[in-house]
Amino acid sequence: MHLVFSAFLVALCILFLHAKCLSWTHVWAGLGEGSGLLSTRRPAVWQEGGRPPHAIPAPCCQRPRARSRWANLGLREPLSPARRAAGAAALSPAVPAPAQPCQPVAPELPENCQQPFLEGQQSSGVFQVQPSGSQPFKVYCDMTAEGGWTVIQRRRDGSVDFDQLWDAYKNGFGDLHGDFWLGLEKIHHLVQEGRYNLLIELEDWEGNSQVVQFVFSLGGESTAYTLNLLGPLSGELENAIGDFRQLPFSTRDRDHDLKADTNCAKHLSGGWWFSTCGHANLNGKYFRSIPRQRHERKQGIFWKTWKGRYYPLKSTTMKIRPTELEAEP
1 MHLVFSAFLV ALCILFLHAK CLSWTHVWAG LGEGSGLLST RRPAVWQEGG
51 RPPHAIPAPC CQRPRARSRW ANLGLREPLS PARRAAGAAA LSPAVPAPAQ
101 PCQPVAPELP ENCQQPFLEG QQSSGVFQVQ PSGSQPFKVY CDMTAEGGWT
151 VIQRRRDGSV DFDQLWDAYK NGFGDLHGDF WLGLEKIHHL VQEGRYNLLI
201 ELEDWEGNSQ VVQFVFSLGG ESTAYTLNLL GPLSGELENA IGDFRQLPFS
251 TRDRDHDLKA DTNCAKHLSG GWWFSTCGHA NLNGKYFRSI PRQRHERKQG
301 IFWKTWKGRY YPLKSTTMKI RPTELEAEP
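According to the working numbering, the sequence shown is numbered sequentially starting from 1.
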């Protein structure tokens with residue numbers, strides 16, 4: 001029954017070549033109600049929920065998400081006049097059509113910065129995205145030559161205080177055009193499906209720079225947004241985050257680090273995936289010049305295996321994108 005009715009829906013789409021799209025609802029025996037769109041270019045998509053059977057010509061098509069289900073049995077040939085007439089009769093509404101016309105559907109948002117990049121977007125800037133299972137939110141997309149990156153952290157001028165509490169790190173803070181932290185919950189939504197790469201860019205006060213790239217995953221809040229690094233992909237820097245696996249996030253008011261007698265977020269500054277306190281902290285205090293006092297310098301932004309624990313860096317950027325993009329030529 002399912003396949004027969006799917007074929008009939010495809011045929012109906014060809015019947016109405018004068019209409020760009022048909023909105024439709026149906027009832028399949030034993031399957032409950034369904035609703036969706038018929039398009040002359042992409043025959044059918046359906047989802048749970050809807051009204052009793054009826055069909056209304058309406059210009060309200062949109063390209064569905066990749067995870068939507070298509071009922072396309074490959075029917076391409078035009079129908080004969082007799083079959084058109086029979087199909088039109090079968091399409092007679094079972095209930096009156098709604099009083100209001102079908103409204104155009106809002107354009108679908110990309111799930112991350114990779115999608116607009118692959119569609120030809122070359123200008124970096126702020127975009128609105130909507131990962132699966134999430135409300136829409138804004139991100140900064142890096143669309144440079146090797147683009148498609150979603151920026152999750154940036155430090156370059158000290159305009160934003162990163163010594164924040166748990167809720168701020170969870171939800172995000174700062175200015176997407178300047179210094180900011182995107183937010184652990186948003187990062188988790190971005191990476192919860194598939195494998196992602198994390199690219200870290202560092203710069204010192206002498207104009208030198210280094211990068212390191214990892215494959216990673218990030219748990220949800222119930223795991224304290226545990227970071228799992230699967231090993232470096234590229235870059236000359238040694239890992240300075242600590243143990244490659246299972247590092248929860250810590251802030252001054254949520255101590256999850258691996259140092260039993262010290263709260264690293266209090267001892268240093270800012271929230272981070274601390275193992276012990278001395279490996280790295282890219283969310284430390286921003287110093288516009290290198291402090292003379294050693295106890296101050298250790299509270300700065302540092303990556304121990306590059307410039308050491310007591311050298312506060314000038315700028316950092318952290319950005320992510322799906323690992324699948326790396327395999328493309």
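Just so it is clear, CB atoms sit at the ideal spot from N, CA and C, and this is done for glycine as well.
Query raised in the report: Cα-Cα, which of 153, 173 and 177 is closest to residue 126?
Result: Sequence index remark: in the sequence shown, residue 126 carries index 126 (1-based). The candidate whose alpha carbon is nearest that of residue 126 is 177.
Query raised in the report: For residue 141, which three-state DSSP category applies?
Result: Position 141 of the sequence shown, counting from 1, holds the residue named residue 141. Per DSSP, reduced to three states, the secondary structure at residue 141 is strand.
**Report entry** Local Cβ density within 10 Å of residue 314, reported as buried at 16 or more and exposed below that
**Finding:** Position 314 of the sequence shown holds residue 314. Answer is buried; the Cβ neighbour count reaches 16.
Requested in this report: Give the straight-line distance between the Cα atoms of residue 211 and residue 193, rounded to the nearest whole angstrom.
Outcome: Counted from its first residue, the sequence shown places residue 211 at position 211. Counted from its first residue, the sequence shown places residue 193 at position 193. Taking the CA atoms as reference points, residue 211 sits about 25 Å from residue 193.
Report task. Compare the beta carbon distance of residue 288 and residue 148 with 7 Å and say whether it is the shorter of the two. Result -> The residue given as residue 288 occupies position 288 in the sequence shown. The residue given as residue 148 occupies position 148 in the sequence shown. No.
Requested in this report: Out of 120, 227, 206 and 152, state which residue places its alpha-carbon closest to the alpha-carbon of residue 215.
Outcome: Walking along the sequence shown from the start, residue 215 turns up at place 215. Closest by alpha carbon: 227.
Report task. Taking only runs that begin and end inside the segment 104 to 137, name each unbroken beta strand (DSSP E) of 3 or more residues, in chain order. Result -> Taking only runs of at least 3 residues, the beta strand (DSSP E) segments lying wholly in the segment 104 to 137 are 125 to 129.
Query - Backbone CA spacing between residue 170 and residue 279 [nearest angstrom] - result: Your numbering for residue 170 matches position 170 in the sequence shown. Your numbering for residue 279 matches position 279 in the sequence shown. In this structure, the alpha-carbon of residue 170 lies about 22 Å from that of residue 279.
Report task. Determine which residues share a DSSP beta bridge with residue 303 and list them. Result -> As a position in the sequence shown, residue 303 is number 303, starting the count at 1. Answer is 280.
Query raised in the report: Between which two residues does the alpha helix (DSSP H) containing residue 417 stretch?
Result: For the chain, the structure presents residues 1 to 329; residue 417 sits outside this window and is missing.
Query - residue 220 versus residue 282: straight-line alpha-carbon distance, rounded - result: Mapped onto the sequence shown, residue 220 falls at position 220. Mapped onto the sequence shown, residue 282 falls at position 282. Approximately 21 Å between the Cα atoms of the pair.
Query raised in the report: What is the DSSP secondary structure of residue 205, counted as helix, strand or coil?
Result: Here residue 205 refers to the residue found at position 205 when the sequence shown is read from its first residue. Residue 205 carries a coil assignment under DSSP once its states are collapsed to helix, strand and coil.
Query raised in the report: By Cβ distance, which residues of its chain are closer than 8 Å to residue 109, with the 5 residues on each side in sequence left out?
Result: Residue mapping note: residue 109 aligns to position 109 of the sequence shown, counting from 1. Answer for residue 109: 128, 129, 130 and 136, listed in chain order.
Requested in this report: Since I believe residue 133 is in contact with residue 189 (beta carbons under 8 Å), could you give me their beta-carbon distance rounded to a whole number of angstroms?
Outcome: Counting from 1 along the sequence shown, the entry for residue 189 is found at position 189. Counting from 1 along the sequence shown, the entry for residue 133 is found at position 133. In this structure residue 189 is in contact with residue 133, their Cβ atoms being roughly 7 Å apart against a cut-off of 8 Å.
Query raised in the report: Is the Cβ-Cβ distance between residue 247 and residue 269 less than 7 Å?
Result: The residue labelled residue 247 in the question sits at position 247 within the sequence shown. The residue labelled residue 269 in the question sits at position 269 within the sequence shown. Residue 247 is not a Cβ neighbour of residue 269, given a cutoff of 7 Å.
Requested in this report: State the start and end residues of the unbroken beta strand (DSSP E) segment that holds residue 154.
Outcome: Against the sequence shown, residue 154 aligns to sequence position 154. Boundaries of the beta strand (DSSP E) around residue 154: 149 to 155.
Query raised in the report: alpha helix (DSSP H) containing residue 170: first to last residue?
Result: Along the sequence shown, one-based indexing puts residue 170 at 170. Annotation: the continuous alpha helix (DSSP H) that includes residue 170 extends over 166 to 171.
Query raised in the report: How far does the beta strand (DSSP E) with residue 319 in it reach, from first residue to last?
Result: Counting from 1 along the sequence shown, the entry for residue 319 is found at position 319. Looking at the DSSP string, the run of the beta strand (DSSP E) that includes residue 319 is 315 to 322.
Report task. Kindly indicate which residue of 317, 324 and 290 has the alpha-carbon position closest to the one of residue 311. Result -> Taking the first residue of the sequence shown as position 1, residue 311 is located at position 311. Residue 311 has its Cα closest to that of 290, out of 317, 324 and 290.
**Report entry** Boundaries of the alpha helix (DSSP H) in which residue 177 is found, first to last residue
**Finding:** On the sequence shown, position 177 is the one that residue 177 refers to. First-last for residue 177: undefined, no H or E at that position.
**Report entry** Sub-7 Å separation of residue 319 and residue 204 beta-carbons
**Finding:** As a first step, residue 319 must be located in the sequence shown, where it is residue number 319. As a first step, residue 204 must be located in the sequence shown, where it is residue number 204. Contact flag unset, no.
Report task. Give the DSSP bridge partners of residue 229, in chain order. Result -> Locating residue 229 in the sequence shown gives position 229, where the first residue counts as 1. According to DSSP, residue 229 bridges with 216.
Query raised in the report: When we look at the beta-carbon of residue 324 and count the other beta-carbons within 10 Å, is it buried (16 or more) or exposed?
Result: In the sequence shown, residue 324 corresponds to position 324, counting from 1. Only exposed fits residue 324, as fewer than 16 other CB atoms lie within 10 angstroms of its CB.
**Report entry** Distance CB(residue 249)-CB(residue 273) smaller than 7 Å
**Finding:** Looking up residue 249 in the sequence shown gives position 249. Looking up residue 273 in the sequence shown gives position 273. Closer than 7 Å, so yes.
**Report entry** Helix, strand or coil at residue 285 according to DSSP, with G and I counted as helix
**Finding:** Counting from one through the sequence shown, the residue named residue 285 turns up at place 285. Strand at residue 285.
Query raised in the report: Under the DSSP definition of a beta bridge, which residues are partnered with residue 199?
Result: Counted from its first residue, the sequence shown places residue 199 at position 199. According to DSSP, residue pairing for residue 199 in a beta bridge involves 213 and 319.
Query raised in the report: Taking the alpha carbon of residue 150 as the point to measure from, which residue in 167, 173, 117 and 162 has its own alpha carbon closest?
Result: Along the sequence shown, read from residue 1 onward, the residue named residue 150 stands at position 150. Nearest neighbour of residue 150 by Cα position, chosen from 167, 173, 117 and 162, turns out to be 117.
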